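Okay, so here's the structure we're looking at.
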Amino acid sequence: MLLYLILVAISVEQLNGWLLSRQVCYGELGCFSTDSPFRSLQRPLTLLPETPEAIGTEFLLYTRDNQTPDLEERLIAGDAKRLNSSHYVGSRPTKFIVHGFTHNIREQWVQNMITELLKAGDFNVIAVDWSGGAKLPYTQATANTRVVGAQIAQMIKYLMTETGAASTDMHIIGHSLGAHIGGYAGERISNMGRITALDPAEPYFENTDIVVRLDPTDADFVDVIHSDGSSILSLGLGLDQAVGHVDFYPNSGADQPGCDNSFWSKLGGTIWNAALLDKYGVEAAIGCSHTRAIEFFTESINSRCPFTAYPCKDYETFQTGSCLKSCQDGDCVRMGYHADKGTGRGSMYLMTQDAAPFCNYHYLLNITSSNLQKTARGKVSVSFTGDRGQVDTFQLTPEESTSIAPGDHLTKLIRTTSPLGTVKSLTVEFEKYQSLFAWVYTDNWKVGRAIVTSGEGNYTSYFCTSDATIYDTDSKVFAASPSAC
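Written as structure tokens, this is what we have:
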């Protein structure tokens, strides 16, 4: 399928372009060459961008005074009459929304994002439609991104000159190829305010020179949400490589929960829907994780849930819960719209729900097995209640036959859709594993102590259980202690 996307509709002229270094110039937009670094091992088939006329880029303005498509206003760089009669106000921050491969601004996600942005603030929102250049083959679309980036930079400079708009108030939000377009625009603007990259495209960009792809020098603040960072060989479409000041990796940054992530399901669904000429079916099959970054960002704009992300070595370490304490040091950052309000930098991790609303609150539970007990074997289940909510019973042990030795720590990172506040009570159940050799293990389990830590609220609840004994199929309720044990 990938080979098809790359090779379909290739002309003899394009084949010549791969073999020969060439250059094309488009007036004020500048010149574009296929020379290094745009020709590399990562980009073996390199094309020149098409003409601006062929790409047909349009800039459509939305404000609180004209929020719907029937009221949108087209802006053209150099057309002062059109600009002066529009609702554009230079003193307002400006948000550019840039779609990716095979998309256009009539996609529902673009309209949803416009609505949420204008609900959040009095902005100029400009949707950039380059759908004429975002078509197959993919290699041509990647080349066209360079021209679109130059066109956005040209528009920004024009708005700054004509209205007094500040470069620091410019914010480009780009998905997939649109993320790299943001980079091409930002590198041409001094003190570009912000670029938000929503699962930037991997093919032809990963591990390339910073001139070719988005990088932190393209704006004062570059934040990236990775949601489909698996290898392209497993049909992952997004970058795994960190390319921003802050790179968010929700659910590891690949294979999002709620999506069918198996290779064969994605491949089969893509081929089937392509045969039916069902664009949206193809996207649902192969692009579920790729478009999830859009959903995360859009939800984050006006959500009360903070989408807190934590600096950590990697996602596996994050799942142990050891990185939740980072928030106490002020290093956590909110993924999405509010990312620029944090001071943390680097790779950040978090978990989300499988479907909207996606935002989670994180809690770490740590129960220590008493040193006074014999080794037990079985299942431990827990539920707890806070002053603002509760968590239903869940299994703490990885298996129903888990061996629990004296002093063992049972830990689990838990996600909830609403904040619990300070945890006040903890219910612990023990069920002995029944087998032919069950007589070897004790019929009860002693709890040494328990700690529940909130990732968002910096709450820690201690449960000094005094080596309480829980018998097989029984449970006990523990109240929070006033201080650490």
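Going by mature numbering (1 follows the signal peptide of the UniProt record, and there is no 0), the letters in the sequence shown line up with residues -17 to -1, 1 to 468, in that order. The beta-carbon is built from N, C-alpha and C at its ideal position, and this holds for glycine as well. Bear in mind the structure is a predicted one, so any value in this text is a computation, not a measurement.
Identity of the residue in S352, L396, N67, R196 nearest F446 by Cα: It is S352.
Rounded C-alpha distance that separates F209 from G327: For clarity, residue 209 is His in the given sequence; the question names Phe instead. Using only the alpha carbons, I get a separation of about 17 Å.
Can you name the residues that DSSP bridges to K78? According to DSSP, K78 bridges with V108, H154.
Given this structure, state the Cα-to-Cα distance separating residue 469 from T40, to the nearest angstrom. The first residue shown for the chain is -17 and the last is 468, placing residue 469 beyond what the model contains.
Counting C-beta neighbours from all protein chains within 10 Å, is the total for G329 16 or more, i.e. buried, or is it exposed? Result: exposed.
At the level of alpha carbons, what is the spacing between L259 and E278? Residue placement at L259 is flagged as unreliable, the pLDDT there being 38, under the threshold of 50; the coordinate-derived value follows with that caveat. Looking at the backbone, the Cα of L259 and that of E278 are separated by about 26 Å.
Start and end residues, alpha helix (DSSP H) containing Y298: Run containing Y298: 298 to 302, per the alpha helix (DSSP H) assignment.
Identify which residue in C242, G165, L66 has its Cα closest to the Cα of G227. Answer by Cα proximity: G165.
How should A37 be labelled, buried or exposed, when 16 other C-beta atoms within 10 angstroms of its C-beta is the threshold for buried? Note on A37: under 16 other CB atoms within 10 angstroms of its CB, so exposed under the neighbour-count rule.
I'd like to check one pair, G169 with I151: are the Cβ atoms closer than 9 Å? First, the amino acid is wrong: residue 151 is Thr here, not Ile. Taking 9 Å as the Cβ cut-off, T151 and G169 do not qualify as a contacting pair.
Looking only at C-alpha atoms, which of I80, T85, K64, D105 sits nearest to S74? Nearest C-alpha to S74 among I80, T85, K64, D105: D105.
Checking 9 Å against the spacing of the C-beta atoms, do Y121 and Y167 come in under that value? No. Outside cutoff.
Would you kindly check if the distance between the Cβ of S366 and the Cβ of L419 is under 9 Å? The answer is no: Cβ separation not under 9 Å.
Ignoring anything shorter than 4 residues, give me the alpha helix (DSSP H) runs that lie fully in the stretch 88 to 136, in order along the chain. Counting only runs of 4 or more, we get 91 to 103.
Here's the rule I'm using: 16 or more other beta-carbon atoms within 10 Å means buried, otherwise exposed. How should K395 be labelled? It is buried - the Cβ of K395 has at least 16 other Cβ atoms within 10 Å.
Does F413 come out as helix, strand or coil in the three-state DSSP assignment? Secondary structure at F413: strand, using DSSP grouped into helix, strand and coil.
Per-residue burial, G390 [other beta carbons within 10 Å of its own, 16 or more giving buried]: Exposed is the call here.
Excluding five sequence neighbours on each side, which residues of the same chain lie with their C-beta closer than 8 Å to the C-beta of residue 489? Residue 489 lies beyond the residue range present for the chain, which begins at -17 and ends at 468; the question has no answer from this structure.
Tell whether a beta-carbon distance below 9 Å holds between T436 and G219. Taking 9 Å as the cut-off, the beta carbon of T436 is found no closer than this to the beta carbon of G219.
Which whole runs of the beta strand (DSSP E) in the stretch 313 to 398 are 3 residues long or more, in chain order? Fully enclosed beta strand (DSSP E) runs of no fewer than 3 residues occupy 329 to 333, 344 to 352, 359 to 369, 373 to 378, 385 to 387 of the stretch 313 to 398, in order along the chain.
Are there three or more Cβ pairs, one per stretch, closer than 8 Å when the stretch 23 to 33 is compared with the stretch 109 to 126? Of all C-beta pairs linking the stretch 23 to 33 to the stretch 109 to 126, three or more are shorter than 8 Å, placing the two stretches in contact.
Would I155 pass as a contact of F280 if the rule is Cβ separation under 9 Å? In this structure, the beta-carbon distance from I155 to F280 does not fall below 9 Å.
Confirm, please, whether the CB-CB distance from T291 to V316 is below 9 Å. At the C-beta level, V316 and T291 come within 9 Å of one another.
Start and end residues, alpha helix (DSSP H) containing T274: Where T274 is concerned, the enclosing alpha helix (DSSP H) stretches over 271 to 285.
Determine the burial state of A339: buried for a count of at least 16 other Cβ atoms within 10 Å of its Cβ, exposed for fewer. Per the 10 Å Cβ criterion, exposed.
Check each candidate in C310, I284, E282, N285 and name the one with the smallest Cα separation from C295. When only C-alpha atoms are compared, the closest one is C310.
Quick one: which unbroken alpha helix (DSSP H) runs of 4-plus residues sit fully inside the stretch 7 to 37? Chain order, please. If we require 4 residues or more, the stretch 7 to 37 turns out to have no alpha helix (DSSP H) run fully inside it.
Go ahead and pull the three-state DSSP assignment for V423. Correct three-state label for V423: helix.
Going along the chain, which residues of its own chain have a beta-carbon closer than 8 Å to the beta-carbon of F84, five neighbours each way excluded? Hits under 8 Å: A117, Y121, A124, S159, L160, A184.
What's the gap between the Cα of G438 and the Cα of Y293? Each residue's Cα considered, the two are about 9 Å apart.
Can you name the start and end residues of the alpha helix (DSSP H) that R65 belongs to? That run of the alpha helix (DSSP H) goes 63 to 67.
What does the alpha-carbon distance come out to for the pair Y320 and P289? Between the alpha carbons of Y320 and P289 lies a gap of roughly 10 Å.
Given G372 as reference, the closest of R432, Y344, Y141 once Cα atoms are compared: Nearest to G372 by alpha-carbon distance, out of R432, Y344, Y141, is Y344.
Can you tell me which of A433, Q94, S286 puts its alpha carbon nearest to the alpha carbon of P52? Distances from the alpha-carbon of P52 to those of A433, Q94, S286 put Q94 closest.
Could you check if V460 is buried or exposed, using at least 16 other CB atoms within 10 Å of its CB as the buried criterion? V460 should be labelled exposed.
Proximal residues to S458 (C-beta, below 7 Å), its chain only, five neighbours per side dropped: Hits under 7 Å: T410, V411, E412.
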